[in-house]
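Heads up, the sequence shown is in the UniProt record's numbering, so the first residue is 1 and it goes up one at a time.
Glycine included, C-beta positions come from ideal geometry on N, C-alpha and C.
Only a predicted model underlies this, so the values are computations on that prediction, with no experimental measurement involved.
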Amino acid sequence: MAPRLPRRPLAPCYLGPPKEVDTVPEGYARVYHNRRRTSWTDYKLAETGDDLSLSRQSTADTDISMDPKQQPDGSFSMTPSTQELLAQLDAEKCIGCCMQRSRILHEALTYCRIPGYVQPCAEDGWSPLLIATQRRNYNAVQTLLAHGAEVDCKEPQSGWTPLMFAASLGDCDIVKILLDKNASINEFASPHDWNPLCCALQANNKDVVRILLDAGADVSLIKRRHPALAELYECELEDVCGTPVSGR
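Spelled out as structure tokens, the structure:
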């Protein structure tokens, strides 16, 4: 059998609307290969059941004349619209990354019932459970947990666990099933030093805050870790509970 070639890492790319139109046409997307948007590929998206597919429609490599102005010190200044565009491109998820996560999740759900199967991670380190939680797919979360998914797996960049994502998203059902599987409720993630209760409070998800408090979330921990925000947390918790929580 021929040896398997190593998979090429995903090339950096930036998702944004085509320059000729204000919004992306229905069913189409454009992937830019640099931040100046001088090179891009247009794709057509098709959905078949739970799967997505892409077909390349056209490729271009040309200058679109953003014309940044060079300052005396050699730096460049950009118009607010250009700065907004670059911020938008940075914030958008790369299509290739999203497609790969979809394949990883589909593979895990297909084969997780096989004894000894090890659930894979995407190239960016996201586990199937993280992907399912971030997409608020309760059935997928339930299936993965029932077949050995690590409940406290961490997102590589932020250190967030599935419970932190669910708390931030305000998904009470996923929060409950993660807690039923003994997800760590008071663990802090590096480098931002947040825990699930911090995530729920910052997102103002009061129902999740109540669930976490009932499950044993320790308010005193976040007050000690974040003394500058202690008063803010106190007010938010009193708003949720209706009574002072300084003794919790």
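Bridge partners for Trp194 per DSSP, in chain order? Position 194 of the sequence shown, counted from the first residue, corresponds to residue 194. DSSP, once it has assigned bridges, lists Ala189 as partnering Trp194.
By DSSP, does Asp22 sit in helix, in strand, or in coil? Position 22 of the sequence shown, counted from the start, is the residue given in the question as residue 22. Residue placement at Asp22 is poorly supported in this model, since its pLDDT is 45, which falls under 50; the coordinates still yield a value, given next. Of the three classes helix, strand and coil, the one that applies to Asp22 here is coil, per DSSP.
With DSSP run on the structure shown, which of helix, strand or coil describes Thr161? For the purposes of this step, residue 161 is taken as residue 161 along the sequence shown, with counting starting at 1. The answer is coil: DSSP assigns Thr161 none of H, G, I, E or B.
If you check the beta carbons only, do Lys206 and Val240 fall under 8 Å apart? To locate residue 206, count along the sequence shown from 1; it is residue 206. To locate residue 240, count along the sequence shown from 1; it is residue 240. Going by C-beta atoms, Lys206 is nearer than 8 Å to Val240.
I think Asn186 touches Leu221, with their Cβ atoms under 8 Å apart; what is that distance to the nearest whole Å? Along the sequence shown, one-based indexing puts residue 186 at 186. Along the sequence shown, one-based indexing puts residue 221 at 221. The Cβ separation is near 6 Å, so the contact holds.
If contact is defined by three or more beta carbon pairs under 8 Å, each pair taking one atom from either stretch, is the segment 117-125 in contact with the segment 133-142? Counting Cβ pairs under 8 Å, fewer than three are found: no touch.
Might you give, ordered along the chain, the residues of its own chain that have their beta carbon closer than 7 Å to the beta carbon of Ile177, omitting 5 neighbours on each side? Here residue 177 is taken as the residue at index 177 of the sequence shown, counted from 1. Answer for Ile177: Val141, Gln142 and Leu145, listed in chain order.
Alpha carbons only, please: which of Ser184, Asn195 and Leu237 is nearest the one belonging to Asn204? Taking the first residue of the sequence shown as position 1, residue 204 is located at position 204. Comparing Cα-Cα distances from Asn204 to each of Ser184, Asn195 and Leu237, the minimum goes to Leu237.
Go through its chain and collect everything with a Cβ distance to Gly125's Cβ below 6 Å, but skip five positions before and after it. Translated into the one-based positions of the sequence shown, residue 125 becomes position 125. Excluding positions up to five away in sequence, the list reads Pro156.
Distance between beta carbons of Leu109 and Pro162, contact taken as under 8 Å: As a position in the sequence shown, residue 162 is number 162, starting the count at 1. As a position in the sequence shown, residue 109 is number 109, starting the count at 1. Going by Cβ atoms, the distance from Pro162 to Leu109 rounds to 15 Å, so no, they are not a contact pair.
Closest to Ala200 by CA distance: which of Gln134, Ala167 and Gly216 is it? On the sequence shown, position 200 is the one that residue 200 refers to. When C-alpha distances from Ala200 are compared across Gln134, Ala167 and Gly216, the shortest belongs to Ala167.
As a quick exercise: from Arg103, Leu232 and Ile114, pick the residue whose alpha carbon is nearest that of Ala132. If you number the sequence shown from 1, residue 132 lands on position 132. Of Arg103, Leu232 and Ile114, the smallest CA-CA separation from Ala132 is found for Arg103.
Quick check on this structure: which residue in Gln202, Glu150 and Ser127 has the alpha carbon closest to the alpha carbon of His226? In the sequence shown, residue 226 corresponds to position 226, counting from 1. Minimum Cα distance to His226 is reached at Gln202.
Taking 8 Å as the threshold (C-beta atoms), are Asp152 and Ser184 in contact? Translated into the one-based positions of the sequence shown, residue 184 becomes position 184. Translated into the one-based positions of the sequence shown, residue 152 becomes position 152. By the CB criterion at 8 Å, Ser184 and Asp152 fall inside the cutoff.
According to DSSP, is Asp173 part of a helix, a strand, or is it coil? Along the sequence shown, read from residue 1 onward, the residue named residue 173 stands at position 173. Here Asp173 sits in helix by DSSP.
Would you please state the rounded distance, in angstroms, between the beta carbons of Ala217 and Leu197? I believe it to be under 8 Å. Taking the first residue of the sequence shown as position 1, residue 217 is located at position 217. Taking the first residue of the sequence shown as position 1, residue 197 is located at position 197. Correct: roughly 4 Å between the Cβ atoms.
Please classify Ala149: is it buried, with 16 or more other beta-carbons within 10 angstroms of its beta-carbon, or exposed? Taking the first residue of the sequence shown as position 1, residue 149 is located at position 149. Ala149 is classed as buried because its beta carbon has at least 16 other beta carbons within 10 Å across all chains shown.
Can you list, in chain order, the residues of its chain with a C-beta nearer than 6 Å to that of Trp160? Leave out the 5 residues immediately preceding and following it. For the purposes of this step, residue 160 is identified with residue 160 of the sequence shown, where counting begins at 1. Exclusion of the five residues before and after Trp160 leaves Ala189 as the residues of its chain whose Cβ lies within less than 6 Å of its Cβ.
Around the C-beta of Asp173, are 16 or more other C-beta atoms found within 10 angstroms, so that it is buried, or is it exposed? By one-based count along the sequence shown, residue 173 stands at place 173. Asp173 should be labelled exposed.
Backbone secondary structure at Ala203 - three-state DSSP: Position 203 of the sequence shown, counted from the start, is the residue given in the question as residue 203. Ala203: coil per DSSP, three-state reduction.
Would you mind giving the Cβ-Cβ distance between Val208 and Gly170, rounded to the nearest angstrom? I have them listed as a contact below 8 Å. Indexing the sequence shown from 1 puts residue 208 at position 208. Indexing the sequence shown from 1 puts residue 170 at position 170. Val208 to Gly170, Cβ: 6 Å. Contact.
Could you give the distance in angstroms between the alpha-carbon of Ser127 and the alpha-carbon of Met99? Numbered from its first residue, the sequence shown carries residue 127 at position 127. Numbered from its first residue, the sequence shown carries residue 99 at position 99. A direct Cα-to-Cα measurement between Ser127 and Met99 gives close to 14 Å.
Let me know the secondary structure DSSP gives Gln119 once reduced to three states. As a first step, residue 119 is located in the sequence shown; it is residue number 119 there, counting from the start. Of the three classes helix, strand and coil, the one that applies to Gln119 here is coil, per DSSP.
Alpha-carbon spacing of Phe165 relative to Ile114, whole angstroms: Sequence index remark: in the sequence shown, residue 165 carries index 165 (1-based). Sequence index remark: in the sequence shown, residue 114 carries index 114 (1-based). Distance between Phe165 and Ile114, taken at the CA atoms: about 28 Å.
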